[in-house]
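Chemist:
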Amino acid sequence: MNTNSKKSITLILFFIFIVGIQLSVQMSSRFAFGADGYYYAAQVNSYITKGRFFSPDSSPILYGLVAFSKFGSDIVLTNKIFVSILVGSLFLVATRLAYHLTNQFVLSICFGVLFVSSSYIPHFSFNFIKNLGGLFFFILFLTELFTFDPLDTKRKWKQYLRIFVFFVLVFFSHKITAGIAICFLIPWILKQIHWNQYLSFFLAFGTLVTIIGFSFLFPNTLHWNDLKVVIGENLEFQFLSPFYQYSKLYPEFLIEQFLFFLSPICYLINRNDLNQKQKTFYDQMLVLYIFLSLPIFSYTAFSFPFRIFLLIFIPGCFLYLPFVSKIQSQWKLSFLCLLLFPYQIYTMVRGKEFNNQDYKLYSIILPLFQFPKNTLIIVHQGFDYFICFNKAGDAFHFLPEEKHKDRPIYRIAYGVSATEYNLYLPKERKIQYLPGFYSVLEEKTWQEFLQNLPDDSKDRILDWRNPNKHRTETMLRNETFKAKNNSI
């Protein structure tokens, strides 16, 4: 058996082992995990039964979930298997890029295991599956940029084609990774001016037209309106805020936070030992690191700045490669790799608990619903997708728009006692009390209740479990891709 065959078998075995670890945790419950677990299940179910996603989308990850659902009758189960394979594939592409950067096989495998063992990965595998797909294609895109050889005239057009294909896949996968990919693509295009000014102009103009065209022709893709989300964020300088906020969520991963915080310093110490091509790649990673960790936002779980910060593990891991590549002992690297597997299991077990929903309770509540026909249900994120997936009604976690004014609209509220209702509402108002401190009432009655509620009680009640905001402009724009009807 030659060396290449041994390497291939080694990679396959690691891939299978990582997929097995992911599956072992994913299968620990018959329900999905996270607030968006049933969003993906409902999307797949909608496409299978209606031929379209209930929320218009162009992500290849969603189409991958639909295709994979053909292998079983349980959508939640096939989604879990698909995600586990996707994490295993992320290990492979991270290993491949690390090998191009270091030309060390054992080190590259160790890096790949480290990459998918981060405490940040479970956020994507349990909650943000489209982001996970975006990460996968983004690493492939970075690999193509790094391995591009402008002097290879025979393969130049093939290289351009691969870069374009992976950029398109990143662009459609998720908006956040699409925006970051654009930031990497622009410097690469500018660099091509040195080799061919005409071609560079063609690439720049073609890329701009393509991005604008995608934004107008395909749903849920990066659009200039999304810039308003970034600009509209409340700026609040908090020294080390993203790391500090994350350590409050997961104090057990404080060492990992500390290591990521030091990764730029570690890179700068070892920068002089790299060639120019490597320096360019790692310098870009350093810029990405600085952007992702800007201490100017108010970081709260599931906020836009928080979701951007979750990508910090990408540059955080890569910036350690120049230092780790100096370790010549394969036994040390192998031992480090073995230590990472139990850590990966621990991060998965701990990560599945983040914003996990009580879907078992929701399954008990569903048969108790007594809604009129064509009712729109306002309920918190997670519960709404569970209702949609189980075809118990139309539900979402926003205030209703004008188009719903002729429909019955009900609210599933959380954390409000009968005493509070009796105190701030007329007694003739009809309220249904459900298990788990939930209650059902008409939306107009709920708004009447909020108007009579003191400010201190209102601050307590109006959290994510009792949504009180309208859909964003970007979400409403996405509705234009859907046939006109009264459904959400």
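The opening position of the sequence shown corresponds to residue 1 in full-length UniProt numbering, with each subsequent residue numbered one higher. All residues carry an ideal CB built from backbone N, CA and C; glycine is no exception. Owing to the predicted nature of the structure, the values given are computational and were not obtained by experimental measurement.
1. Say whether the segment 367 to 378 touches the segment 49 to 56, bearing in mind that this needs 3 or more beta-carbon pairs closer than 8 Å, one atom from each stretch.
2. Identify every residue that forms a DSSP beta bridge with alanine 395.
3. By alpha-carbon positions, which one of Cys337, Lys403 and Leu217 ends up nearest to residue 521?
4. How far does the beta strand (DSSP E) with tyrosine 433 in it reach, from first residue to last?
5. Could you have a look at residue 500 and say whether DSSP puts it in helix, strand or coil?
6. Closest to phenylalanine 141 by CA distance: which of Phe124, Ala94 and Asp152 is it?
7. Going along the chain, which unbroken runs of the alpha helix (DSSP H) with 4 or more residues stay wholly within the segment 268 to 322?
8. Would you call the segment 276 to 284 and the segment 246 to 258 in contact, with 3 or more CB pairs under 8 Å?
9. Looking only at its own chain, which residues have a Cβ that is under 7 Å from the Cβ of alanine 35, when we skip the five neighbours before and after it?
10. Just the C-alpha distance for arginine 429 and isoleucine 129, rounded to the nearest angstrom, thanks.
11. Which residue wins for smallest C-alpha separation from histidine 174, given the options Thr207, Leu145 and Phe137?
12. To the nearest angstrom, report how far apart glycine 351 and serine 29 are at their CA atoms.
13. Just the Cα atoms here: how many angstroms apart are serine 247 and phenylalanine 309?
14. Taking the beta strand (DSSP E) that tyrosine 38 belongs to, which residues open and close that run?
15. Could you work out which residue in Ile387, Tyr346, Gln192 and Trp446 is closest to isoleucine 364 when comparing CA atoms only?
16. Would tyrosine 385 and tyrosine 39 qualify as a contact pair, given that the criterion is a beta-carbon distance under 7 Å?
17. Would you kindly report the start and end of the unbroken beta strand (DSSP E) that includes alanine 413?
18. Give me the residue from Ile186, Gln104 and Gln43 with the minimum Cα distance to serine 334.
19. By Cβ distance below 6 Å, which residues in the same chain neighbour phenylalanine 171 in space, the five residues on each side in sequence not counted?
20. Helix, strand or coil for asparagine 486? Go by DSSP, reduced to three states.
21. Give the DSSP-derived three-state secondary structure of proline 242 in the structure shown.
22. What first and last residue would you give for the alpha helix (DSSP H) that runs through asparagine 422?
23. Going by beta carbon distance, what residues of the same chain come within less than 6 Å of threonine 10, once the five residues before and after it are set aside?
24. Three or more C-beta pairs under 8 Å: does that hold for the segment 390 to 406 against the segment 419 to 433?
25. Pick helix, strand or coil for histidine 470, following the three-state DSSP scheme.
26. Could you check the C-alpha separation between serine 125 and phenylalanine 313 for me, to the nearest Å?
27. Would you say isoleucine 378 and glutamate 443 are within 7 Å of each other, going by their C-beta atoms?
28. In whole angstroms, what is the alpha-carbon distance linking leucine 169 and isoleucine 211?
29. Leaving aside the five residues before and after arginine 96 along the sequence, list all residues of the same chain whose C-beta is less than 7 Å from its C-beta, in chain order.
30. I need the DSSP call for asparagine 390, collapsed to helix, strand or coil.
31. If you run the structure through DSSP and keep just helix, strand and coil, what is histidine 174?
32. Between threonine 207 and serine 215, which are expected to be in contact by the criterion C-beta below 8 Å, what is the C-beta distance as a whole number of angstroms?
33. Mind checking which residues open and close the alpha helix (DSSP H) that includes threonine 153?
34. Taking the alpha-carbon positions, what's the leucine 249 to serine 119 distance?
35. Between the Cα of tyrosine 362 and the Cα atoms of Tyr63, Ala32 and Leu453, which residue gives the shortest distance?
Modeler: Short version:
1. No contact exists between the segment 367 to 378 and the segment 49 to 56.
2. By 1-based counting over the sequence shown, the position of residue 395 is 395. Under DSSP, alanine 395 shares a beta bridge with Ile377.
3. Look at the range of the chain in this structure, 1 to 488, and you will see that residue 521 is not part of it.
4. Counting from 1 along the sequence shown, the entry for residue 433 is found at position 433. 432 to 434 is the extent of the beta strand (DSSP E) around tyrosine 433.
5. Examination of residue 500 is not possible in this model, given that the chain is present from 1 through 488 alone.
6. One-based indexing of the sequence shown puts residue 141 at position 141. Measuring from the Cα of phenylalanine 141, the nearest candidate turns out to be Ala94.
7. DSSP runs (the alpha helix (DSSP H)) wholly in the segment 268 to 322: 276 to 292, 304 to 309 and 313 to 318.
8. Pairwise C-beta distances place the segment 276 to 284 out of contact with the segment 246 to 258, as fewer than three of them are shorter than 8 Å.
9. As a working mapping, residue 35 is identified with position 35 in the sequence shown. Taken in chain order, the residues that qualify are Asn127, Asn355, Gln357, Gln381 and Gly382.
10. For the purposes of this step, residue 429 is identified with residue 429 of the sequence shown, where counting begins at 1. For the purposes of this step, residue 129 is identified with residue 129 of the sequence shown, where counting begins at 1. About 41 Å.
11. For this step, residue 174 is matched to residue 174 along the sequence shown. Closest option to histidine 174, Cα to Cα, is Phe137.
12. Along the sequence shown, read from residue 1 onward, the residue named residue 351 stands at position 351. Along the sequence shown, read from residue 1 onward, the residue named residue 29 stands at position 29. Near 14 Å, if we compare the C-alpha coordinates of serine 29 and glycine 351.
13. For this step, residue 247 is matched to residue 247 along the sequence shown. For this step, residue 309 is matched to residue 309 along the sequence shown. Counting only the Cα atoms, phenylalanine 309 lies some 13 Å from serine 247.
14. As a first step, residue 38 is located in the sequence shown; it is residue number 38 there, counting from the start. That residue, tyrosine 38, is in no beta strand (DSSP E); its alpha helix (DSSP H) goes 37 to 50.
15. Within the sequence shown, residue 364 is the residue found at index 364, counting from 1. That would be Ile387, whose Cα lies nearest to the Cα of isoleucine 364.
16. Residue mapping note: residue 385 aligns to position 385 of the sequence shown, counting from 1. Residue mapping note: residue 39 aligns to position 39 of the sequence shown, counting from 1. Taking the C-beta atoms as reference points, tyrosine 39 is found nearer than 7 Å to tyrosine 385.
17. In the sequence shown, the residue the question calls residue 413 occupies position 413. In the DSSP assignment, alanine 413 falls within the beta strand (DSSP E) that extends over 409 to 414.
18. Here the question's residue 334 lines up with position 334 in the sequence shown. Closest option to serine 334, Cα to Cα, is Gln104.
19. What you label residue 171 is simply residue 171 of the sequence shown in a count that begins at 1. Excluding residues within five positions, the ones whose Cβ falls inside 6 Å are Ala178.
20. Against the sequence shown, residue 486 aligns to sequence position 486. Only weak support is given to the placement of asparagine 486: the predicted model assigns it a pLDDT of 48, under 50, and the question is left unresolved by the model.
21. Indexing the sequence shown from 1 puts residue 242 at position 242. The answer is helix: DSSP assigns proline 242 an H, G or I state.
22. The sequence position of residue 422 within the sequence shown is 422, counting from 1. Looking at the DSSP string, the run of the alpha helix (DSSP H) that includes asparagine 422 is 418 to 424.
23. Within the sequence shown, numbered from 1, the residue matching residue 10 stands at position 10. Nothing listed; no residue qualifies.
24. Judged by Cβ distances under 8 Å, the segment 390 to 406 makes no contact with the segment 419 to 433, as fewer than three pairs qualify.
25. Here residue 470 is taken as the residue at index 470 of the sequence shown, counted from 1. In this structure, histidine 470 counts as coil in the three-state DSSP scheme.
26. Your numbering for residue 125 matches position 125 in the sequence shown. Your numbering for residue 313 matches position 313 in the sequence shown. For serine 125 and phenylalanine 313, the distance between alpha carbons rounds to 14 Å.
27. If you number the sequence shown from 1, residue 378 lands on position 378. If you number the sequence shown from 1, residue 443 lands on position 443. Yes, they are a contact pair.
28. Stepping through the sequence shown from its first residue, residue 169 is reached at position 169. Stepping through the sequence shown from its first residue, residue 211 is reached at position 211. Their backbone Cα atoms lie some 12 Å apart in a straight line.
29. Position 96 of the sequence shown holds residue 96. Hits under 7 Å: Thr143.
30. The residue labelled residue 390 in the question sits at position 390 within the sequence shown. Three-state DSSP puts asparagine 390 in coil, outside helix and strand.
31. Reading the sequence shown from its first residue, position 174 is the one you call residue 174. Of the three classes helix, strand and coil, the one that applies to histidine 174 here is coil, per DSSP.
32. Taking the sequence shown and counting its residues from 1, one reaches residue 207 at position 207. Taking the sequence shown and counting its residues from 1, one reaches residue 215 at position 215. Not really, about 13 Å apart at Cβ, beyond 8 Å.
33. Position 153 of the sequence shown, counted from the start, is the residue given in the question as residue 153. Segment: none, threonine 153 is in no alpha helix (DSSP H) and carries neither H nor E.
34. Walking along the sequence shown from the start, residue 249 turns up at place 249. Walking along the sequence shown from the start, residue 119 turns up at place 119. So the two alpha carbons sit approximately 11 Å from each other.
35. To locate residue 362, count along the sequence shown from 1; it is residue 362. Looking at the Cα atoms, Ala32 is the closest of the given residues.
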